[in-house]
Amino acid sequence: MSADVTAIGSKRLMEADIAALTAWNRTHKRGLEPAATPVPERLTVAPVALADRWPERFRAKVEISDGCWEWQAGKADGYGRYATGKNRESGSSIVITAHRAGWVMLYGEESVEGLVLDHRCRNRGCVRPDHLEPISYAENVRRGMQSNTGSGLCR
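Right under this line is the structure:
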């Protein structure tokens, strides 16, 4: 985990929030709650305040609006792409999806370990934290097959 992720992620969240997300994540992975269980509410309030926690390099690439927060930089298959650093051995860039990078900067890698982030808004370019939900890969496939029409969150 990079210094930016540590400083902006878990250190700035209250311990209770980290514990709530960790407990939710464990239960969700074990299948003890319905797959569509949202992230605990206190972790999704005031999304604009969350955007202020992102490093300027990331934040500068996001267009914030009342709906989706659209990634403005490089994309592949509609998903934003974000370079997190360089591989020490090969020197090549390490690139991950922008929505995952933004989530990890806020909540830490452990919050999505073994999970994928579903765009509840069905907009692959969206990085708004309250439009994302950590779910299993199988659930993500099921949701993708159910509907391509969107959830009504925004567009």
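Here the sequence shown is numbered in the numbering used here, starting from 999 and rising by one per residue. All C-beta atoms, glycine included, are put in the ideal place defined by N, C-alpha and C.
Query	Result
Alpha-carbon spacing of Arg-1120 relative to Ser-1090, whole angstroms	31 Å
Leu-1104 - containing alpha helix (DSSP H), residue span	1096 to 1105
Rounded separation between Asp-1116 and Gly-1083 - CA only	24 Å
Rounded straight-line distance, which links the Cα of Ile-1092 to that of Val-1125	19 Å
Contact under 9 Å by Cβ, Pro-1132 with Leu-1113	yes
Contact under 9 Å by Cβ, Gly-1076 with Gly-1142	no
Classification of Ser-1109 by the beta-carbon crowding that lies within 10 angstroms, buried from 16 upward	buried
Reduced DSSP secondary structure (H/G/I, E/B, other) of Ser-1134	coil
Exposure label - Ala-1074; buried when at least 16 CB within 10 Å	exposed
For His-1129 and Ala-1033, the rounded distance between their alpha carbons	Here Ala-1033 scores only 44 on pLDDT, less than 50, and its place in the model should not be relied on; the value that follows carries that caveat. Their backbone Cα atoms lie some 15 Å apart in a straight line.
Distance, Tyr-1080 Cα to Ile-1094 Cα	5 Å
Backbone secondary structure at Gly-1065 - three-state DSSP	coil
Contact belief for Gly-1078 with Ala-1071 at Cβ below 8 Å, rounded distance in angstroms	7 Å
Cα-Cα separation, Glu-1087 to Gln-1144	42 Å
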